[in-house]
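Below is one structure, written out as structure tokens; the observations come after it.
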Amino acid sequence: MADAPFPSRRAVLAGAGALAAAPARAERLVADATGRRIGVPDRIARVFPAGPPAAILLYSLAPDLLAGWPARPPSPAEAAFLTRESAALPQIGRLTGRDNSANVEAVLAQRPDLVLDYGSTRPVFVDLAGRVQQQTGLPTLLLDGALPRIPETYRLLGEILDRREAAATRAAAAERILADAVSAAEALRARGRPRVLYVRGPRGLETGVAGSINTEIIEFAGAENVAASALGAGSLVQVSMEQVLAWNPDWVVAIHPGFPAHAKADPLWQALPAARRGRLVLAPGLPFGWVDFPPSVNRLLGLMWLPVLFGLRPRDGLAEAVADFHALFFHRRPDAAQVAALLGPALPGA
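Numbering (the UniProt record's numbering), first residue to last: 1 to 350.
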């Protein structure tokens, strides 16, 4: 699912018209995360991801089934962490989120066997999946994107795609990462929760509040999201420097690569004690963000990193663990220099 709610006043698909797709012959029934039972072909050879989170989930399990990238093709920097074949896949448009750009013709032109969405299972998104299925004639499945459900989601997708062994391997790895994150979070709460401000954009003035999937891993890791404590529930919000200074977070976690240079040159950001103490860090973002951009299984890397950042886990071993994760989930092991470049801005003094 995309990182913003579906805009209800806009059409789900442009140009639907009277176009009707010939539905694929259903060989078997499968259940998605919402409990909907949907007929899918017995052999699935091509899947259309509804948004970037679904594309990453699918790529991590079955890259050969991925029809293309919903938002844009990978940049050269991102492609360096992906398989050559997957990096060369085209942009196919997205069906969810603020920038939904695919229409019925674009979906059908890819000749997929099904449409896969991944993220929130709130009623609005269940309804969206039903409408996509009705308009395209393609089975459309919605899987739960919540962090704790990642192992369950892998196993379910493995059943759907007949990739059970590969799914079980990834589910087990995700379970280990989540269990360690829960243990670290308990230790962090006992020691004293760090107050964290997560910032997006080149100026660092967008953040997520309580209930936002964009900041889910901050709380999961045992830290306090200062914006959530101050602003309550919602999704993404704009904030002011006055608010940032008043919150006085212990850590600032940014995701835009241009933000650290901006903060270093901005007297207001430099007035923040966390910035002066070197506690303004850039979350790695290649090939996908470690915090939320987009919020998919790539966030497991963030749960490996944050306990190290907060001093609960040793730095020794993190680089190897990151390389192992990439090899399993992204199908390409980065070299030592690539991992060092990822971790340098993410760990003070690294």
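Ideal placement from N, C-alpha and C gives every residue a C-beta, glycine not left out. What you are looking at is a predicted structure, and each value in this text was computed from that prediction instead of being measured.
In its chain, beyond the 5 residues on either side, LEU205 and GLU206 have a beta carbon closer than 8 angstroms to the beta carbon of GLN238. Counting along the chain, the unbroken beta strand (DSSP E) around LEU280 starts and ends at 280-282. In this chain, the alpha helix (DSSP H) harbouring TRP247 covers 241-247. In this structure, the CA atom of LEU309 is about 15 angstroms from the CA atom of LEU300. Counting only the Cα atoms, ASP324 lies some 13 angstroms from PHE81.
Per DSSP, the unbroken alpha helix (DSSP H) holding VAL226 starts and ends at 226-231. LEU114: member of the beta strand (DSSP E) spanning 114-119, first to last residue. Contact between VAL126 and LEU142 holds: their C-beta atoms lie close to 6 angstroms from each other, under 8 angstroms.
When secondary structure is reduced to three states using DSSP, ILE38 falls in the strand class. Inside the segment 59-91, DSSP marks whole alpha helix (DSSP H) runs of 4 or more residues at positions 76-79 and 84-87, from first to last along the chain.
A residue is called buried when at least 16 other Cβ atoms come within 10 angstroms of its Cβ; LEU29 does not meet this threshold and is exposed.
If the five residues before and after GLU78 are omitted, its C-beta is found closer than 7 angstroms to the C-beta atoms of LEU286 and PRO287, all from its own chain and listed in chain order. For a cut-off of 8 angstroms, the C-beta gap from ARG279 to TRP251 is around 5 angstroms, short enough to register as a contact.
For GLU206, there is no enclosing alpha helix (DSSP H); the enclosing beta strand (DSSP E) has its first and last residue at 206-208.
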